[in-house]
Ligand code: ASP
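Numbering (the working numbering), first residue to last: 1227 to 1675.
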């Protein structure tokens, strides 16, 4: 069996949904379909998930969100009409959204997640109704009934391991099963969502649980490119990545797959195929355990902004037992997770996601480290970008960091930090956010031109 997941642009309109129907029903192995909420129909359009977020915000603030709710229902209704469905499905969707917005708000995170999940949930119901109207055996699956349980971290959930065992029973349901992406249920019965873009994660969990032959992830590009084509026009299309390459590239900004997607399929060795709903004949990009095709030394270059760096220096830091642990413990006590910790003999830097750092947390971290660890210098510098050069071939090649730093210096990009992890599948450069695109272009030119 194949698990296929369709992203927001694939479900944005009736025209797109017809293409999805054609893709699903043209291959009898495509029996498990994971759907996103309807996305943008054009560049300036608004995703249904964003409409739902506005709806929840308004309700939390004022206790009502009539116009916002109408806008969401209208999006679904337009699609349903154009698909030739009768009004029943719109009534079901309108009633569902209304029921999520009733009563007093007892917990803002719960209400927000319940609304966010309505996009995928109703998209799945709508698509199942369409398949049935065309005479196919299809049914909507509710994640709670299927046993998809998540941690109760609202907006940032992780899968609980028992879900894999529960979801195996999907194999016993006949016909095409339409599963909404992006959310599951906590053990307390609340709807909880993955981080934004998380329908990719749902598809991967299901593929791993049922032992799929392949996880097909349908989006709106023919393949994955070696660099973001909006930054490097004409960037090379890549036919095959290893899981490790793709994991590092999506961490550092490749938006084609959510960065948490690969773990479940990686553990089971299930290949992933990125395909285009608008051009399903194109072979797409495969993500596999061991690549057979040769990507050259470097498979891709990615970059992302939104990081901050905490610099700490103290003379003779290297002789102080437990220094690093104490720094990390202070971060932990402030609820901060860290990304990287490059260090020297008398200094230590910690890279963090800027969105996690409030002014108050920043002040607390600086004060506590200063007082408790008596450091010589400490500061937090925002606006850092991480740029990664990724490729399995790096391990066996001498002189790559020299080439990379040279390419960056030619473009006058100042390197704030270098980190070559022990995996040797990537090299990471911290640069000013304003230099991010220049750095990506310079590295692409060096390794691909
Ligand atoms: N609809 C959700 C979002 O816009 C999840 C997804 O599309 O994967 O983030």
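Note that the Cβ used here is the ideal one computed from N, Cα and C, for glycine as well.
Note that the structure is a prediction, hence the values are computed from the model and not measured.
For residue 1383, the three-state secondary structure derived from DSSP is coil. Annotation for residue 1635: the continuous alpha helix (DSSP H) segment containing it runs 1626-1636. In this structure, the straight-line span from the alpha carbon of residue 1354 to that of residue 1478 is close to 35 Å. Take the alpha-carbon of residue 1563 and the one of residue 1590: they are about 15 Å apart. If you draw a straight line from the Cα of residue 1273 to the Cα of residue 1233, it is about 11 Å long. Take residue 1586, set aside five residues on each side of it, and no residue of its chain has a beta-carbon closer than 6 Å to its own. The straight-line gap separating the alpha-carbon atoms of residue 1630 and residue 1528 is approximately 13 Å.
C-alpha of residue 1549 to C-alpha of residue 1594: approximately 13 Å in a straight line. Taken through DSSP and simplified to helix, strand or coil, residue 1579 comes out as strand. Residue 1658 is bridged by DSSP to 1610.
Contact fails between the stretch 1428-1445 and the stretch 1463-1479, because fewer than three Cβ pairs, one in each stretch, are under 8 Å apart. In this structure, residue 1263 has its CB closer than 7 Å to one or more heavy atoms of the ligand ASP.
Between the alpha carbons of residue 1426 and residue 1572 lies a distance of about 42 Å.
The DSSP-derived three-state label of residue 1481 is coil.
It is roughly 30 Å from the alpha-carbon of residue 1383 to the alpha-carbon of residue 1662.
Note that the stretch 1246-1255 does not touch the stretch 1281-1299; fewer than 3 beta-carbon pairs, one per stretch, sit closer than 8 Å. For residue 1369, the enclosing alpha helix (DSSP H) covers residues 1369-1372.
A residue is called buried once 16 or more other Cβ atoms fall within 10 Å of its Cβ, and residue 1622, having fewer, is exposed. Distance from the Cα of residue 1275 is smallest, within the candidate group 1517, 1347, 1246, 1451, for 1347. Put simply, the backbone Cα of residue 1293 is about 17 Å away from that of residue 1342. In this structure, residue 1237 keeps its C-beta atom at 8 Å or more from the C-beta atom of residue 1387.
For residue 1517, there is no enclosing beta strand (DSSP E), as DSSP marks it with neither H nor E. The three-state secondary structure of residue 1263, taken from DSSP, is coil. When secondary structure is reduced to three states using DSSP, residue 1643 falls in the strand class.
The Cβ atoms of residue 1520 and residue 1612 lie no closer than 8 Å to each other. The three-state reading of DSSP puts residue 1593 in helix, counting H, G and I together. Shown here, residue 1566 sits in a strand according to DSSP, grouped into three states. By the neighbour-count definition (other C-beta atoms within 10 Å, threshold 16), residue 1600 is an exposed residue. For residue 1409, the closest C-alpha among the options 1542, 1458, 1340, 1526 is that of 1340.
The C-alpha of residue 1524 lies about 22 Å from the C-alpha of residue 1489. Relative to residue 1485, the option among 1496, 1317, 1495, 1471 whose CA is nearest is 1471. In this structure, the ligand ASP has a non-hydrogen atom nearer than 7 Å to the beta-carbon of residue 1425.
If you keep only unbroken beta strand (DSSP E) runs of at least 3 residues inside the stretch 1415-1462, you get 1417-1419, 1440-1445. Pairing residue 1602 with residue 1545, the inter-Cα distance amounts to about 15 Å.
From the listed residues 1654, 1604, 1357, the smallest Cα separation to residue 1566 is found for 1654.
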